[in-house]
Amino acid sequence: MKRIPLLLLLCSFAVSRAQPSMARQWNETLLDAIRTDFARPTVHARNLYHSSILMYDAWALFDGSAETFFLGKEYGGFNCRFEGILQPQNIDAARQEIMGYALFRLLMHRFENSPGAATSLANFVSLFQSYGYDTEFVSTDYSSGSYAALGNYLGEQMINFGLQDGANESLEYSNSFYEPSNPPLVLDEYQDPTGIDPNRWQPLSFDLFVDQSGNTVPVAIPSFLSPEWGSVVPFALESSALTTKNNGFDSYLYFDSPEPPLIQNSENNGIDDAYKWHFSLVAAWSAHLDPNDTTEIDISPASLGNVEINNYPNSLEEYKVFYNFMDGGDIGPGHEVNPSTNLPYTPQMVKRSDYARVLAEFWADGPDSETPPGHWFTILNYISDHPKIRKRFGGVGGEMNDLEWDVKAYLVLGGAMHDAAIATWGIKGYYDYIRPISAIRYMAGKGQSTDPSLPGFDPHGLPLIPGSIELIDASDPLAGSTAENVGQVKIYAWRGPDYIDDPRMDTAGVGWILGTRWWPYQRGTFVTPPFAGYISGHSTFSRAAAEVLTLLTGDSFFPGGMGTFDIEANEFLIFEAGPTESFTLQWATYRDASDQTSLSRIWGGIHPPIDDIPGRLIGEQVGKQAFAKAQQLFTTDTDESDTNNVNSILYPLPFEYQINLATDFQGKCIVKLYGLDGRLVLLENMELNTHSTAIDLFNIPSGLYVLKVTDEFDTIIHTQKVVKN
Numbered sequence: 136m137k138r139i140p141l142l143l144l145l146c147s148f149a150v151s152r153a154q155p156s157m158a159r160q161w162n163e164t165l166l167d168a169i170r171t172d173f174a175r176p177t178v179h180a181r182n183l184y185h186s187s188i189l190m191y192d193a194w195a196l197f198d199g200s201a202e203t204f205f206l207g208k209e210y211g212g213f214n215c216r217f218e219g220i221l222q223p224q225n226i227d228a229a230r231q232e233i234m235g236y237a238l239f240r241l242l243m244h245r246f247e248n249s250p251g252a253a254t255s256l257a258n259f260v261s262l263f264q265s266y267g268y269d270t271e272f273v274s275t276d277y278s279s280g281s282y283a284a285l286g287n288y289l290g291e292q293m294i295n296f297g298l299q300d301g302a303n304e305s306l307e308y309s310n311s312f313y314e315p316s317n318p319p320l321v322l323d324e325y326q327d328p329t330g331i332d333p334n335r336w337q338p339l340s341f342d343l344f345v346d347q348s349g350n351t352v353p354v355a356i357p358s359f360l361s362p363e364w365g366s367v368v369p370f371a372l373e374s375s376a377l378t379t380k381n382n383g384f385d386s387y388l389y390f391d392s393p394e395p396p397l398i399q400n401s402e403n404n405g406i407d408d409a410y411k412w413h414f415s416l417v418a419a420w421s422a423h424l425d426p427n428d429t430t431e432i433d434i435s436p437a438s439l440g441n442v443e444i445n446n447y448p449n450s451l452e453e454y455k456v457f458y459n460f461m462d463g464g465d466i467g468p469g470h471e472v473n474p475s476t477n478l479p480y481t482p483q484m485v486k487r488s489d490y491a492r493v494l495a496e497f498w499a500d501g502p503d504s505e506t507p508p509g510h511w512f513t514i515l516n517y518i519s520d521h522p523k524i525r526k527r528f529g530g531v532g533g534e535m536n537d538l539e540w541d542v543k544a545y546l547v548l549g550g551a552m553h554d555a556a557i558a559t560w561g562i563k564g565y566y567d568y569i570r571p572i573s574a575i576r577y578m579a580g581k582g583q584s585t586d587p588s589l590p591g592f593d594p595h596g597l598p599l600i601p602g603s604i605e606l607i608d609a610s611d612p613l614a615g616s617t618a619e620n621v622g623q624v625k626i627y628a629w630r631g632p633d634y635i636d637d638p639r640m641d642t643a644g645v646g647w648i649l650g651t652r653w654w655p656y657q658r659g660t661f662v663t664p665p666f667a668g669y670i671s672g673h674s675t676f677s678r679a680a681a682e683v684l685t686l687l688t689g690d691s692f693f694p695g696g697m698g699t700f701d702i703e704a705n706e707f708l709i710f711e712a713g714p715t716e717s718f719t720l721q722w723a724t725y726r727d728a729s730d731q732t733s734l735s736r737i738w739g740g741i742h743p744p745i746d747d748i749p750g751r752l753i754g755e756q757v758g759k760q761a762f763a764k765a766q767q768l769f770t771t772d773t774d775e776s777d778t779n780n781v782n783s784i785l786y787p788l789p790f791e792y793q794i795n796l797a798t799d800f801q802g803k804c805i806v807k808l809y810g811l812d813g814r815l816v817l818l819e820n821m822e823l824n825t826h827s828t829a830i831d832l833f834n835i836p837s838g839l840y841v842l843k844v845t846d847e848f849d850t851i852i853h854t855q856k857v858v859k860n
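Numbering (our numbering), first residue to last: 136 to 860.
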């Protein structure tokens with residue numbers, strides 16, 4: 136049986152590493168908690184992001200060049216005040232203590248109502264106590280110099296921020312305004328599917344709903360997840376990219392995308408209608424999921440991947456070129472050589488049916504999933520463990536230790552995943568676009584839109600495609616005992632969960648089915664995520680993560696030129712038995728893995744191509760903006776155009792009454808001292824005439840400050856964090 140957490144073992148070789156950093160240990164424990172919580176990609180992108188802020192600020196507080204993001208700052212209308220704290224004798228221990236207490240306080244709060252709380256909270260306690268920390272110590276008064284109290288304070292402040300950041304956490308992230316336009320589709324009744332608005336999302340009605348993390352949810356009709364998420368406070372999204380629109384309530388749309396294609400009244404040849412083409416492609420790709428189909432394809436980087444973003448389609452004609460309607464896949468030409476070895480990638484021929492089914496489950500939100508944002512954290516952790524990784528920010532400069540690498544990488548990726556969720560779900564909530572199960576069943580219920588002279592013609596019907604979508608005649612096994620189905624539309628597709636009694640042994644197979652009984656390749660207790668399709672969250676999350684990992688490592692390729700994951704025959708799949716043979720998923724670049732994620736959602740019957748491409752395009756922008764935002768935090772005041780490049784040093788550190796500035800600069804200067812909350816504490820004009828000048832700070836309270844020295848033209852001479860005892 137598949138275990139999604141095996142993503143931690145993405146590599147096909149054994150990796151030995153030293154004791155992981157505290158940040159890594161908390162991240163792994165958080166991912167475990169997400170796997171047993173309700174499957175909420177938006178909520179968990181936010182959890183990963185908020186936890187990464189605490190990790191980073193605990194580290195940055197005592198770093199000479201980095202800037203905190205939350206502590207001592209105003210963020211999203213929330214002021215996290217900070218009065219400073221004594222410089223520790225042991226910086227590493229202080230960082231860990233602040234980080235441990237902050238994360239423990241936040242995560243114990245965030246997961247207290249989780250269905251997996253008994254296990255998750257025990258794991259948080261176990262990790263916390265393994266460092267010798269006291270769960271009974273809850274003081275937030277750090278004025279005495281207690282780093283544990285500062286950690287409690289930081290965690291408490293993040294909890295308070297989260298109660299007013301637009302997520303509606305205090306009401307369990309419930310919706311305030313959104314109401315579905317369509318009645319629910321009752322899955323076990325195969326009712327008439329035509330009484331809906333075919334352009335809007337339709338809820339699903341279950342006897343038993345099992346969410347993407349395997350939790351039984353005590354509701355028959357799951358609500359739309361997070362349609363108002365566009366109002367949540369982001370990390371790096373800019374107001375210049377924000378549009379406000381109203382479709383029953385105000386929606387906040389970052390990178391607003393064109394309206395998806397609405398169904399048209401086809402006079403004939405319905406395949407020319409963009410709506411019908413996109414959803415018919417999903418039905419056609421469903422035919423690739425038959426384990427008895429012996430068609431083989433090369434799934435190695437020699438033949439797959441390497442799609443340039445400027446080759447993404449825009450018009451319907453371009454979509455028809457980009458995606459292979461009948462055979463599956465896209466235009467990716469693959470890579471000629473592995474840049475790490477300078478050798479060609481070895482071809483790997485695999486049954487297309489095995490490959491497509493594995494992709495649909497590997498990248499899915501299926502049971503035991505850490506949701507798409509968490510998937511990419513496991514990939515980041517895999518990269519961090521790779522023996523060929525060099526932990527240099529952006530691929531340049533000196534190597535960082537594990538803690539510095541982890542906190543910086545987590546903040547960039549966490550910020551990108553959070554922003555991707557905000558951008559994606561804002562668009563989902565506004566456009567409220569239909570999913571394939573509803574669109575395909577609706578069109579099949581209407582009839583066919585290809586030829587008015589044939590039976591069952593309807594302007595909203597499915598287009599007829601020989602071998603894929605056809606009409607039932609009197610001789611057809613699907614005609615029915617009283618010929619009740621004659622003239623209706625049939626689809627050659629995966630036959631659905633009705634054909635699976637024991638998923639460990641059975642396969643549904645592919646065959647001709649009534650179009651009104653078409654199913655995505657999913658469990659019958661889940662079927663489709665409970666939110667609108669346009670745009671694809673998987674595409675946006677994955678492309679944003681791919682951009683982050685490319686920029687973070689300074690290399691578009693996985694370490695060693697290829698990332699891999701081994702698939703075991705008859706073990707990996709959980710929707711049904713399979714695959715029929717063992718093979719290895721392979722990706723040359725992070726973008727290749729991202730593009731594969733996008734295709735997996737089409738094979739899985741979850742998204743049409745029109746959901747995919749806008750998500751990829753937005754994800755690229757989100758990832759790059761997140762990296763740029765984080766880069767500003769990591770290296771403050773390093774723009775050479777704003778400095779004199781003079782040699783200077785401050786001493787002693789920490790100081791008591793005065794601090795000395797030794798510099799080559801001579802002349803008038805302005806000395807400014809700031810608290811970490813940005814408040815100006817001191818401003819003094821000075822004349823630097825000697826090699827070392829004393830700056831009197833006798834009346835300044837003890838604490839942590841930023842000292843900034845500029846010349847009279849505001850060019851920076853020296854800037855540095857300083858501590859007064």
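Beta carbons are placed, not taken as given, at the ideal position from N, Cα and C, and that holds for glycine.
This structure is a prediction, so every number in the text was calculated from the model and none was measured.
request  = For PHE296, count neighbouring Cβ atoms within 10 angstroms of its own Cβ and tell me buried if that reaches 16, exposed if not.
outcome  = PHE296 comes out buried.
Assuming SER255 contacts THR171 (C-beta within less than 8 angstroms), just tell me the rounded distance between them.
THR171 and SER255 do touch by the CB rule: their CB atoms are close to 6 angstroms apart, below 8 angstroms.
* Asked: ALA556: which of ILE709, ILE830, LEU397 and THR506 sits nearest, CA to CA?
  -> Per the Cα distances, THR506.
Check the C-beta distance from LEU388 over to ILE562 and give it rounded, since I have them as a contact under 8 angstroms. So it is a contact: roughly 6 angstroms between Cβ atoms.
Original post:
Just the Cα atoms here: how many angstroms apart are LEU494 and LEU360?
Top reply: If you draw a straight line from the Cα of LEU494 to the Cα of LEU360, it comes to about 24 angstroms.
Q. Measuring CB to CB, does ASP129 end up less than 7 angstroms from ARG335?
A. No statement about residue 129 is possible, as the shown extent of the chain runs from 136 to 860 and does not include it.
Any idea what DSSP makes of PHE148, helix, strand or coil?
With a pLDDT of 36 at PHE148, under the threshold of 50, the modelled position of this residue cannot be trusted; read the value that follows with caution. It is coil, neither helix nor strand.
*So, helix, strand or coil for GLY463, using DSSP?*
It is coil, neither helix nor strand.
### Task
Please state whether DSSP places GLU314 in a helix, a strand or coil.
In this structure, GLU314 counts as coil in the three-state DSSP scheme.
Task: Beta carbon of ALA704 nearer than 7 angstroms to that of LEU546 - done: With a cutoff of 7 angstroms on beta-carbon distance, ALA704 and LEU546 are scored as not near each other.
ask   = Helix, strand or coil for LYS411 per DSSP?
value = Helix, per DSSP.
- Query: With respect to the alpha helix (DSSP H) encompassing SER488, which residues constitute its N-terminal and C-terminal limits?
  - Reply: Per DSSP, SER488 belongs to the alpha helix (DSSP H) from 487–497.
Burial state of GLU443 (16 or more Cβ within 10 Å)
Classification for GLU443: exposed.
Closest to PRO479 by C-alpha separation, out of GLU471, LYS486 and THR798, would be which residue?
Among GLU471, LYS486 and THR798, the Cα nearest to that of PRO479 belongs to GLU471.
| task | Kindly identify the DSSP beta-bridge partner or partners of CYS804. | result | DSSP, once it has assigned bridges, lists MET821 and ASP846 as partnering CYS804.
### Message
Cutting at 6 angstroms between CB atoms, please list the residues of its own chain near LEU686, excluding the five before and the five after it.
### Response
Taken in chain order, the residues that qualify are PHE762.
key: Helix, strand or coil at GLN855 [DSSP, three-state]   = Residue state, collapsed to three classes: strand.
Euclidean distance between Cα positions of ASP611 and GLY622 = So the alpha carbons of these two residues sit roughly 10 angstroms apart.
Point to revise | GLN337 in three-state terms, based on DSSP | key: The DSSP-derived three-state label of GLN337 is coil.
**Asked** Residue range of the beta strand (DSSP E) that GLU453 falls in?
**Response** Here GLU453 belongs to no beta strand (DSSP E); instead the alpha helix (DSSP H) covers 451–457.
Let me confirm a value: PRO482 is counted as buried when at least 16 other C-beta atoms fall within 10 Å, else exposed. Which label applies? Counting other Cβ atoms within 10 Å of its Cβ, PRO482 stays below 16 and is therefore classed as exposed.
Helix, strand or coil, according to DSSP, for ASP774 in the structure here? Low per-residue confidence applies at ASP774: pLDDT is 40, beneath 50, and the placement is therefore not dependable enough to give any value.
At least 3 beta-carbon pairs within less than 8 angstroms: the region 460–475 vs the region 507–514: Output reads no: the region 507–514 does not touch the region 460–475.
| Under a Cβ-count criterion, where at least 16 other Cβ atoms within 10 Å of its own Cβ denotes burial, should TYR786 be classed as buried or exposed? | Counting other Cβ atoms within 10 Å of its Cβ, TYR786 stays below 16 and is therefore classed as exposed.
Once you ignore the five residues that flank PHE259 on each side, which residues in its own chain have a CB closer than 7 angstroms to its CB?
-> Within the same chain, PHE259 has close Cβ partners THR164, PHE239, LEU242 and MET243.
Margin query: Assuming the contact rule is C-beta atoms closer than 8 angstroms, ILE635 and ALA643 should be a hit. Round their C-beta distance to whole Å, please.
Written below: Correct: roughly 5 angstroms between the Cβ atoms.
Does the separation of the CB atoms of THR828 and LEU808 fall below 7 angstroms?
-> Inclusion of THR828 and LEU808 in the CB contact set at 7 angstroms is not warranted, their separation being larger than that value.
What residue does the alpha helix (DSSP H) around LYS543 start on, and which one ends it?
Its alpha helix (DSSP H) spans residues 537–566.
In angstroms, rounded to a whole number, what distance separates the CA positions of GLY235 and ARG814? Computed Cα separation, rounded: 28 angstroms.
**Q.** Sheet register partners of LEU815 (DSSP bridge)
**A.** LEU815 pairs with TYR809.
Between GLN793 and MET821, what straight-line distance do the alpha-carbon atoms span, to the nearest angstrom? In a straight line, the C-alpha of GLN793 is about 14 angstroms away from that of MET821.
Whether or not the region 362–377 and the region 686–697 are in contact is what I'm after, with contact meaning three or more pairs of Cβ atoms, one per stretch, closer than 8 angstroms; do they touch? Contact between the region 686–697 and the region 362–377 is absent: fewer than 3 CB-CB pairs across the two stretches fall below 8 angstroms.
Q) Are the beta-carbon atoms belonging to THR719 and ASP747 less than 7 angstroms from one another? A) With contacts defined by Cβ atoms closer than 7 angstroms, THR719 and ASP747 do not form a contacting pair.
- Query: Can you tell which of ARG216, ALA302, ASN310 and ALA257 has the C-alpha that lies nearest to the C-alpha of LEU285?
  - Reply: Shortest Cα-Cα distance from LEU285 to any of ARG216, ALA302, ASN310 and ALA257 involves ARG216.
*asked:* Quick check on THR429: buried or exposed, where buried means 16 or more other Cβ atoms within 10 Å of its Cβ?
replied: Exposed is the call here.
| query | Which residue comes first and which comes last in the beta strand (DSSP E) that contains SER645? | reply | A small fix is needed here, since residue 645 is Val in this sequence, not Ser. Its beta strand (DSSP E) spans residues 645–649.
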